[in-house]
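*Asks:* Here it is, the structure in full.
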Amino acid sequence: MIDLYYWTTPNGHKITIFLEETGLDYRLHPINIGRGEQFTTDFLAIAPNNRIPAIVDRKPADGGQPMSLFESGAILEYLADKTGRFLPRSGRERYVVLQWLYWQMGGLGPMAGQNHHFRNYAPKKIEYAVERYMKETARLYGVLDRQLEDNDYVAGNDYSIADMAIWPWIKPYANQGQDIEDFPNVQRWLETVSERDAVKRAYARAEEINPHDGVTMDEEARKHLFGQK
Numbered sequence: 045m046i047d048l049y050y051w052t053t054p055n056g057h058k059i060t061i062f063l064e065e066t067g068l069d070y071r072l073h074p075i076n077i078g079r080g081e082q083f084t085t086d087f088l089a090i091a092p093n094n095r096i097p098a099i100v101d102r103k104p105a106d107g108g109q110p111m112s113l114f115e116s117g118a119i120l121e122y123l124a125d126k127t128g129r130f131l132p133r134s135g136r137e138r139y140v141v142l143q144w145l146y147w148q149m150g151g152l153g154p155m156a157g158q159n160h161h162f163r164n165y166a167p168k169k170i171e172y173a174v175e176r177y178m179k180e181t182a183r184l185y186g187v188l189d190r191q192l193e194d195n196d197y198v199a200g201n202d203y204s205i206a207d208m209a210i211w212p213w214i215k216p217y218a219n220q221g222q223d224i225e226d227f228p229n230v231q232r233w234l235e236t237v238s239e240r241d242a243v244k245r246a247y248a249r250a251e252e253i254n255p256h257d258g259v260t261m262d263e264e265a266r267k268h269l270f271g272q273k
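Its first residue numbered 45, the sequence shown is counted upward by one per residue in our numbering.
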């Protein structure tokens, strides 16, 4: 049993996609980040950075005590190794997948996140910030588009945790000010992944928990998301 502490954000979707793809037994624990539930003492014990997602593996491979993990990239790598799926065990193919996983964690996610913030959530429009993050997001889309020109999936011709990490961040392209038709290889890949049954099931779970698929942005949410010290 995997306990998944989750909210309906791109980082949360990564893990439900993996769990649905592999059929691992899991239990969802919604953490409403717009209501400050990520700051509870119980959640802090699992995720010291107060961010979703986090997991507790009740049956780790070493047979020891339950294993808790935070950070979505680390969780994907751990679960891939646990199941032996969507990440090669060794060799250069493994590192090709990991480099694109880390590209999402260190590049696409932070830049698209800032893009979302300054375009949609900032109380005042700062044109410099909006333009800076829109352009950097577009540059990253271009990097991905070139990678997909000769590959069915991000890390080659096999679907992997790199696709699971990147796809939820590309899906809301319109909110990032991107015209997906400018990136035809990304568009093709986006549509291909969207047709996977596990992806559909993962987003159906999100719909059950939060039909808004994100955060209802009001003053309380702003306080919890942007006002913490």
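For glycine and all other residues, C-beta sits at the position ideal for the given N, C-alpha and C.
Could you spell out where the alpha helix (DSSP H) holding A46 opens and where it closes?
*Replies:* One detail in the question is off: residue 46 reads as Ile in this sequence, not Ala. Run containing I46: none in the alpha helix (DSSP H); it sits in the beta strand (DSSP E), 46–50.
*Asks:* Which of the three DSSP states is assigned to A199 in this structure?
*Replies:* Three-state result, A199: coil.
*Asks:* Does L88 pass the burial test, meaning 16 or more other C-beta atoms within 10 Å, or should it be called exposed?
*Replies:* L88 is exposed by the Cβ-count criterion.
*Asks:* If I measure Cβ to Cβ from Y203 and keep anything under 6 Å in the same chain, skipping five residues before and after, which residues do I get?
*Replies:* Here the set comprises Y197.
*Asks:* Of all the options T60, Y177, M45, N55, which has the alpha carbon lying nearest to the alpha carbon of Q158?
*Replies:* Comparing Cα positions, the closest option is Y177.
*Asks:* Would you tell me roughly how many angstroms separate the C-alpha atoms of I59 and E171, rounded to the nearest one?
*Replies:* Looking at the two C-alpha atoms, the distance is approximately 34 Å.
*Asks:* At the level of alpha carbons, what is the spacing between A209 and K168?
*Replies:* Their backbone Cα atoms lie some 31 Å apart in a straight line.
*Asks:* Using a Cβ distance threshold of 8 Å, determine whether the segment 92–105 contacts the segment 49–58, with at least three qualifying pairs required.
*Replies:* Touching, per the Cβ criterion.
*Asks:* Is it true that the segment 184–195 meets the segment 113–129, where meeting means three or more beta-carbon pairs spaced less than 8 Å apart?
*Replies:* Not touching, per the Cβ criterion.
*Asks:* Specify the secondary structure class of P74 as computed by DSSP and reduced to three states.
*Replies:* Strand.
*Asks:* Only counting runs of 4 or more residues, tell me where the alpha helix (DSSP H) segments fall wholly within the segment 136–173, in order along the chain.
*Replies:* List check, alpha helix (DSSP H) in window: 136–147, 153–160.
*Asks:* Our contact map puts I214 next to L234 with C-beta atoms below 8 Å; I'd like the distance itself, whole angstroms only.
*Replies:* The pair is a contact, with the Cβ atoms about 6 Å apart (cut-off 8 Å).
*Asks:* Where does the unbroken beta strand (DSSP E) through A248 begin, and where does it stop?
*Replies:* No beta strand (DSSP E) holds A248; the alpha helix (DSSP H) holding it covers 241–253.
*Asks:* Would V243 pass as a contact of G200 if the rule is Cβ separation under 8 Å?
*Replies:* Taking 8 Å as the Cβ cut-off, V243 and G200 do not qualify as a contacting pair.
*Asks:* Could you say which of Y70, M149, G221, D69 lies nearest to A206 if we only look at CA atoms?
*Replies:* Considering only alpha carbons, the answer is M149.
*Asks:* Since F114 sits in a beta bridge, which residues does DSSP pair it with?
*Replies:* According to DSSP, F114 bridges with A98.
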